[in-house]
Every structure is written in structure tokens, then in C-alpha cells.
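Residue numbers (full-length UniProt numbering): 1 to 128.
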């Protein structure tokens, strides 16, 4: 039998403060909340879910022995209009380390950060 990995199911971001991070992803980024609890929260992001997991919570020792995993990831979202997304998110209180900028690929990206400092790239694809 050959194993076939179809597609990612979810991405986990480890957070230090679940309420603060839930508010950021829901209220600042505008992601639809699917489920929320003190240790695990999920957002709908199309075909792949975004999950928040409290750093230092149960089950983390098997993934990150000996170190707290808050903020150890990088997310990227495709947006249809990067300038509009940048302006709206700044108005909502998002902090950007890079404004919209053209890359060598021809695409435009901007980088903001969640409450734990996790980098989140917004990308407008101008090329295939």
C-alpha cells in the first residue's frame, strides 16, 4: 500500500495568551472563529484550519521537548489586494514590520506580527 498525503488539514500556532491571541486573529485579522476553548481554538481559513494551542499545554512535550514553543512558526495568507489589506489591518491595530513590497518573484508581500511576535506574511500573487 502506498501512503498518499492529500493536503494539510490544520496549522498549529502555539500562543502564550489564548484570549489575547484569539482576539488578534478574530478581531484584527478577521478570521471566522470555528471553536474556542482555554487550550485550543480553531479558525476557518479555507481548506486548511488555523489552530491556536496554549504554549506549555498538555501534549507539547512530544513535539518540542525542553523549550516553550510560543511563536515558533510562520504563516502566510494570500490576499487579492495587498494595499487595501495593509491599510485595513493597520487601522485595526496590526503592527507591520514590512509594508507592501515587490519581491523578486514579482509578487507583493507585507509582514505583520501577532501578539507573540509570530511573523504573518500577506501576499498578493501577481504571477502564476
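Backbone N, C-alpha and C fix where the C-beta goes; we use that ideal spot for every residue, glycine too.
With distances taken from CA atoms, which of 89, 13 and 125 is nearest residue 42?
Sequence index remark: in the chain shown, residue 42 carries index 42 (1-based). For the residues 89, 13 and 125, the minimum Cα distance to residue 42 belongs to 13.
Pull up the distance between the alpha-carbon of residue 36 and that of residue 104, whole angstroms please.
Taking the first residue of the chain shown as 1, we reach residue 36 at position 36. Taking the first residue of the chain shown as 1, we reach residue 104 at position 104. Roughly 39 Å between the two C-alpha positions.
Using three-state DSSP, classify residue 55 as helix, strand or coil.
Position 55 of the chain shown holds residue 55. In this structure, residue 55 counts as coil in the three-state DSSP scheme.
Just checking my contact of residue 124 with residue 108 at CB under 8 Å: how many whole Å lie between their CB atoms?
Here residue 124 refers to the residue found at position 124 of the chain shown. Here residue 108 refers to the residue found at position 108 of the chain shown. Going by Cβ atoms, the distance from residue 124 to residue 108 rounds to 4 Å, so yes, they are a contact pair.
Anyone know if the C-beta pair for residue 79 and residue 52 falls short of 8 Å?
The residue labelled residue 79 in the question sits at position 79 within the chain shown. The residue labelled residue 52 in the question sits at position 52 within the chain shown. The answer is no: Cβ separation not under 8 Å.
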